[in-house]
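Just so we're aligned, residue 291 is where the sequence shown starts under the working numbering, counting upward by one.
No residue lacks a Cβ here, since even glycine has one placed at the ideal position from N, Cα and C.
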Amino acid sequence: MVLAAGLGTRMRPLTDDRPKALVELGGRALIDHVLDRLADAGVEKAVVNVHWFADRLEAHLAARGSGPEIVISDERAELLETGGGLKKAAPLLGDASVFVANIDSVWLGRGEALSELSRLWDPEHMDAALLLARREGSIGFEGDGDFFLADDGQLTFRGEAASAPFAYMGVHICRPDYVAEGPEGPFSLSGFWRKSAEAERLFGCVLDGDWMHVGDPQARDEAEARLAQGG
Numbered sequence: 291m292v293l294a295a296g297l298g299t300r301m302r303p304l305t306d307d308r309p310k311a312l313v314e315l316g317g318r319a320l321i322d323h324v325l326d327r328l329a330d331a332g333v334e335k336a337v338v339n340v341h342w343f344a345d346r347l348e349a350h351l352a353a354r355g356s357g358p359e360i361v362i363s364d365e366r367a368e369l370l371e372t373g374g375g376l377k378k379a380a381p382l383l384g385d386a387s388v389f390v391a392n393i394d395s396v397w398l399g400r401g402e403a404l405s406e407l408s409r410l411w412d413p414e415h416m417d418a419a420l421l422l423a424r425r426e427g428s429i430g431f432e433g434d435g436d437f438f439l440a441d442d443g444q445l446t447f448r449g450e451a452a453s454a455p456f457a458y459m460g461v462h463i464c465r466p467d468y469v470a471e472g473p474e475g476p477f478s479l480s481g482f483w484r485k486s487a488e489a490e491r492l493f494g495c496v497l498d499g500d501w502m503h504v505g506d507p508q509a510r511d512e513a514e515a516r517l518a519q520g521g
């Protein structure tokens, strides 16, 4: 699932006439960066939720001309946030485990990050497996970090610590019914992750590469410069 329904408020004025998913980076829409990564990892179908400038995003997706196959989860009536969006889309996702990806996460990797995340994923012992990035060297991320990572991949939240070494970089794996017990309407995934962490069922692995969180125009410009360098 690709989460593309947000208003892109922090990306204004670039989102005054388009959804954040269609802001360009390196000559390609942000959502194309994500969909191409998923296709390279073997994903054959992607459910994309839409809200802001939904018609324009649907037209772009219909004209892509390459995989994965796109199925729309329509949130025109109400923006449902990350958890609510996943809950609404669950009937479209089937029964198998799914990637859930943000559209503002772009990376240059020295390994196969999504394949490594897939190898880590074990639904018998995990509720979710998150792809992480080291805070140092990341573009567009200015927080104090989200997680500590144990040797076996288990995650604990930063909590009261001043900082943590790893940030969630916008892609995770879970079961499509992970948030089935969530409320009707908008809600975040974060509360479910916290419950999973308390139950020792939240895991992750670290990107071997450079992460770009393309959340605002300045970060977009910095990411543009980094992509131009290649590597």
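Of the residues assessed, residue 485 falls on the exposed side of the cut-off, its CB having fewer than 16 other CB atoms within 10 angstroms. By the Cβ neighbour-count rule, residue 462 is buried, with 16 or more other Cβ atoms within 10 Å of its own. With contact defined as three or more Cβ pairs closer than 8 Å, the region 340-356 and the region 445-454 are not in contact. Excluding five sequence positions before and after residue 438, the CB atoms of its chain that fall closer than 6 Å to its own CB belong to 446 and 454, given in chain order. Residue pairing by DSSP places residue 335 opposite 359 in a beta bridge.
Within the region 296-348, the runs of alpha helix (DSSP H) that reach at least 4 residues and sit entirely inside it are, in chain order, 320-330. When C-alpha distances from residue 350 are compared across 432, 311 and 316, the shortest belongs to 311. Rounded to the nearest whole angstrom, the CA to CA distance from residue 416 to residue 505 is 29 Å. Annotation: residue 466 to residue 434 spans about 30 Å, alpha carbon to alpha carbon.
In the three-state reduction of the DSSP assignment, residue 430 falls in the coil class, being assigned neither a helical nor a strand state. Only residues of its own chain outside the window of five on either side were considered, and among them none has a CB closer than 8 Å to the CB of residue 353. About 11 Å separates the Cβ atoms of residue 515 and residue 315, ruling out a contact at the 8 Å cut-off. Linking residue 458 to residue 502 through their CA atoms gives a straight-line distance of about 12 Å. Beta-carbon to beta-carbon, residue 494 and residue 420 are separated by about 4 Å, close enough to satisfy the 8 Å threshold. By the C-beta criterion, the region 475-484 is judged to be in contact with the region 374-392, since at least 3 inter-stretch pairs fall below 8 Å. Residue 463 has 389 and 419 as its beta-bridge partners, per DSSP.
Distance from the CA of residue 452 to the CA of residue 432, rounded to the nearest whole angstrom, comes to 14 Å. As computed with DSSP, residue 457 is found in a beta bridge with 423. The region 323-342 makes contact with the region 358-368: 3 or more CB pairs, one atom from each, lie closer than 8 Å. The beta-bridge partner set that DSSP reports for residue 494 consists of 420.
For residue 411, there is no enclosing beta strand (DSSP E), as DSSP marks it with neither H nor E. Following the DSSP letters along the chain, one finds residue 511 inside the alpha helix (DSSP H) bounded by residues 507-519.
About 3 Å separates the Cβ atoms of residue 399 and residue 499, confirming a contact at the 8 Å cut-off.
A residue is called buried once 16 or more other Cβ atoms fall within 10 Å of its Cβ, and residue 334, having fewer, is exposed.
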